[in-house]
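Peer 1: In our numbering, the protein residues as written are 40 to 151.
I have a structure here, written as structure tokens, and I will follow up with some questions on it.
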């Protein structure tokens, strides 16, 4: 099995840092706003082995749309020190639903 998880949120909220922490158990303190990347980790769910792809997006519209379209689950990430990043979560959620052309899909809200 292969699972595709997409991180969505404003720039600077820590999407890359959270991704690297999940995949490599390492916290990145430096911010690079121009990184689009995907990370892969072997996971076990209910005794079955699989691959988790975490897609970390930036402002590149074309890549963002493609990552959202192929995502199977979403982490909506905001910074606990930025009210505006929290207030933008609804927009990110609606954008993902519109791109996926659905009324609902698996999403988790995460404050960083």
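Ideal Cβ positions, reconstructed from N, Cα and C, are used throughout, including at glycine.
Predicted, not measured: the structure shown is a model, and the values here were computed from it.
1. According to the Cβ coordinates, are residue 113 and residue 47 closer than 8 Å?
2. Please report how far the alpha carbon of residue 78 lies from the alpha carbon of residue 51, in whole angstroms.
3. How far does the alpha helix (DSSP H) with residue 111 in it reach, from first residue to last?
4. Output the boundary residues of the alpha helix (DSSP H) element that contains residue 55.
5. Leaving out five residues before and five after residue 125 in sequence, what residues of the same chain have Cβ atoms less than 6 Å from its Cβ?
6. Please go through the same chain and pick out, in chain order, the residues whose beta-carbon is closer than 8 Å to the beta-carbon of residue 44, but skip the five residues on each side of it.
7. Below 6 Å CB to CB, which residues in the same chain sit around residue 152 once its five sequence neighbours on both sides are set aside?
8. Between which residues of its own chain and residue 57 is the CB-CB distance below 8 Å, once the five residues before and five after are set aside?
9. Report the start-end ranges of each alpha helix (DSSP H) in the stretch 109 to 144 that is 4 residues or longer and not cut off at the edges.
10. In terms of residues, what are the limits of the beta strand (DSSP E) holding residue 50?
11. First and last residue of the beta strand (DSSP E) that includes residue 87?
Peer 2: The answer reads as follows:
1. Contact flag set, yes.
2. Rounded to whole angstroms, residue 78 to residue 51 spans 19 Å at the Cα level.
3. Where residue 111 is concerned, there is no enclosing alpha helix (DSSP H), given that its DSSP letter is neither H nor E.
4. Segment 54 to 63, the alpha helix (DSSP H) holding residue 55.
5. Listed in chain order, the non-local C-beta contacts of residue 125 below 6 Å within the same chain comprise 117, local neighbours out to five positions each way being set aside.
6. Same-chain partners within the cutoff: 91, 92, 93, 94, 110, 111, 112, 113 and 114.
7. No statement about residue 152 is possible, as the shown extent of the chain runs from 40 to 151 and does not include it.
8. Sequence-distant partners of residue 57 (beyond 5 residues in either direction) whose C-beta falls short of 8 Å from its own C-beta, in its chain, are 46, 114, 116, 149 and 151.
9. Within the stretch 109 to 144, complete alpha helix (DSSP H) segments of at least 4 residues are found at 122 to 126 and 128 to 139, given in chain order.
10. Taken as a continuous stretch (DSSP letters only), residue 50 belongs to no beta strand (DSSP E), as it is neither H nor E.
11. Annotation: the continuous beta strand (DSSP E) that includes residue 87 extends over 87 to 95.
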